[in-house]
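Below: one structure, written as structure tokens.
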Amino acid sequence: MFTQVELLPADPILGLIEAFNQDTNPSKIDLGVGVYRDELGNTPILKSVREAEALLLTRETTKKYIGSHGDPLFSQQMLPLVFGENSNVLAEKRATLTQAPGGTGALRLAADFIKRNSPEKTVWISNPTWPNHFAIFDAVGIQHKTYAYVDSDTNRLDFPALLADLKQIPQGDVVLLHACCHNPTGFDLSKEQWQEVLAVLKEGKLLPLIDFAYQGFGEGLDEDAAAVRLLAEELPEVMITSSCSKNFGLYRERIGAFIAVAKDTTDMEKVRSQMASVARANYSNPPAHGSAIVATILASQELNTLWRSEVDEMRNRINTLRQQFVVALTPYGLAEKFACVAEQRGMFSYSGLKPNEVAQLQKDFGIYMVSTGRMNIAGYNEQNLPYLCEAIASVCG
Ligand code: PLP
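Per full-length UniProt numbering, numbering through the sequence shown is continuous, rising by one, with the last residue being 397.
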């Protein structure tokens with residue numbers, strides 16, 4: 001069998017990492033990779049995580065299975081983080097959470113759940129999006145189509161086109177929305193725009209699947225949850241996939257959650273039963289370490305405060321780098337062209353750089369980013385910012 005198997009090309013991002021590692025340019029900068037980096041270029045373990053792990057080492061008494069829904073304490077702590085302390089949805093017992101191996105695992109649970117229960121539904125995904133969205137729905141055999149998101153001529157959010165596309169979606173279909181920090185563009189919807197999207201979802205009886213991978217990386221932990229909370233309060237049914245990879249820096253621990261909000265507790269219990277079955281068929285039980293860390297941090301006042309300050313620090317660093325980028329391009333007359341970078345949110349930016357400019361940055365300056373012009377903002381720092389901007393000015397000139 002193996003001889004007949006097709007050799008697949010490597011993921012383009014992996015190719016980029018490989019090329020970066022082999023580049024001997026001492027000034028090289030990696031803006032491709034999808035993890036947060038501090039000013040030294042490291043992706044450190046958060047202090048709150050280290051302290052929680054130290055506690056766990058003394059407290060842990062067993063390695064037995066944690067159950068298909070995962071750790072109940074994780075669920076108990078995560079739900080208020082997502083919906084807010086005074087959420088009606090939680091008070092009405094309309095939400096259920098199933099722990100998953102990362103945001104990716106949560107998306108896979110969502111995809112399997114849709115496939116099992118409504119295989120005829122199409123999932124509508126923003127163009128562009130995180131490429132794995134397509135791969136996940138392809139893997140379970142769910143049809144997907146795209147809705148407009150960015151005007152490629154102006155490199156701005158094309159909200160009228162987005163809204164027009166959403167209005168065309170057949171009743172009952174699923175719409176995948178990025179809660180905040182849209183990956184790959186960094187363009188988020190304003191409060192007013194979310195209200196308009198909500199109206200279209202209501203009108204079209206569409207089912208939102210909200211990908212919430214960057215809570216805390218945009219404007220703040222509560223601010224970033226505003227759209228999730230709005231849709232959950234206003235719509236009878238909502239699905240959310242949450243990730244703790246970025247905001248807890250727990251990338252390799254694989255911890256996230258699938259959350260469903262149903263119209264009432266009876267429906268919620270039905271969905272919950274389905275999720276246990278879907279999780280069992282995939283991996284039986286989720287890994288325990290990541291959820292134990294998150295639950296320990298969120299449940300401790302001291303660690304929670306420390307963690308929140310660490311999330312603030314990561315977010316503030318990214319948002320400061322965004323401002324500094326535009327300021328540093330001002331002497332080259334490029335501030336207006338790249339003004340969007342200061343307005344975008346999250347780790348990623350659609351810079352507006354064209355594929356030939358991206359290729360030249362790589363070849364002549366050792367600056368690596370995805371060919372679409374997507375930059376990881378946390379990939380540069382105050383030291384190499386002047387070099388980056390000089391290089392950009394030279395390829396855009
Ligand atoms: N969704 C989006 C938009 C992402 O960017 C990512 C990670 O890059 C994920 C989901 C999944 O993250 P993870 O599986 O690492 O938690």
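All C-beta atoms in this analysis are idealised placements derived from N, C-alpha and C, irrespective of residue type, glycine included.
Contacting residues, own chain, Cβ-Cβ under 7 Å from residue i (five flanking each side not counted)
| i | result |
| --- | --- |
| Leu73 | Ala295 and Ala299 |
| residue 482 | Residue coverage of the chain in this structure runs from 1 to 397, which leaves residue 482 outside it and unanswerable. |
| Arg37 | Thr43, Ala378 and Gly379 |
| residue 436 | Missing from the structure shown is residue 436; the chain here goes from 1 to 397 and no further. |
| Phe137 | Ala111, Val123 and His144 |
Opening and closing residue of the alpha helix (DSSP H) in which residue i lies
| i | result |
| --- | --- |
| Asp224 | Careful: Asp224 lies outside any alpha helix (DSSP H) and carries neither H nor E. |
| Ile255 | It is not in any alpha helix (DSSP H) - Ile255 carries neither H nor E in the DSSP assignment. |
| Val49 | Lys47 to Arg59 |
| Val278 | Thr265 to Tyr283 |
| Ser394 | Leu385 to Cys396 |
| Leu198 | Lys191 to Glu203 |
Same chain, Cβ closer than 6 Å to residue i, five either side skipped, listed in chain order
| i | result |
| --- | --- |
| Asn25 | Gly366 |
| Leu207 | Val174 and Glu237 |
| Leu16 | Gly32 and Tyr368 |
Ligand 1 heavy atom lying under 7 Å from the CB of residue i
| i | result |
| --- | --- |
| Ser124 | The sequence as given places Trp at residue 124; Ser does not occur at that position. No, the beta carbon of Trp124 sits no closer than 7 Å to any heavy atom of ligand 1. |
| Ser243 | yes |
| Tyr251 | yes |
| Thr104 | yes |
| Gly256 | yes |
| Asn183 | yes |
| His144 | no |
| His289 | no |
| Ala135 | no |
| Asp222 | no |
| Ala213 | yes |
| His178 | yes |
| Trp130 | yes |
| Gly34 | yes |
Nonlocal neighbours in the same chain, by C-beta distance under 8 Å from residue i, ignoring five residues either side
| i | result |
| --- | --- |
| Lys202 | Glu234 and Leu235 |
| Ile147 | For clarity, residue 147 is Tyr in the given sequence; the question names Ile instead. Once the five neighbours on either side are set aside, the close Cβ partners of Tyr147 are Trp124, Ile125, Ser126, Asn127, Leu162, Asp165, Leu166, Ile169 and Val175. |
| Pro287 | Pro101, Glu253, Arg254 and Ile255 |
Span of the beta strand (DSSP E), counted from its first residue to its last, around residue i
| i | result |
| --- | --- |
| Ser243 | Val238 to Ser243 |
| Phe212 | Leu207 to Phe212 |
| Asn21 | No beta strand (DSSP E) contains Asn21, which is instead part of the alpha helix (DSSP H) from Pro12 to Gln22. |
| Arg37 | It is not in any beta strand (DSSP E) - Arg37 carries neither H nor E in the DSSP assignment. |
| Asn376 | Arg374 to Asn376 |
Interface flag, residue i vs chain B, CB-CB below 8 Å
| i | result |
| --- | --- |
| Gln193 | Although the question refers to chain B, the structure presented lacks it and comprises just one protein chain. |
Check: In chain order, which continuous runs of the alpha helix (DSSP H) of length 4 or greater are located wholly inside the segment 76-126?
Finding: If we require 4 residues or more, the alpha helix (DSSP H) runs fully inside the segment 76-126 come out as 88-91 and 102-117.
Margin query: To test your reading of the DSSP string, which unbroken beta strand (DSSP E) runs of 3 or more residues are found completely within the segment 118-182?
Written below: You should have 123-127, 144-148 and 174-178.
Notebook entry, point to check: Which full runs of the alpha helix (DSSP H) of 4+ residues lie inside the segment 285-370, going along the chain?
Noted result: Counting whole runs of 4 or more residues, the segment 285-370 contains the alpha helix (DSSP H) stretches 289-299, 301-329, 339-343 and 355-365.
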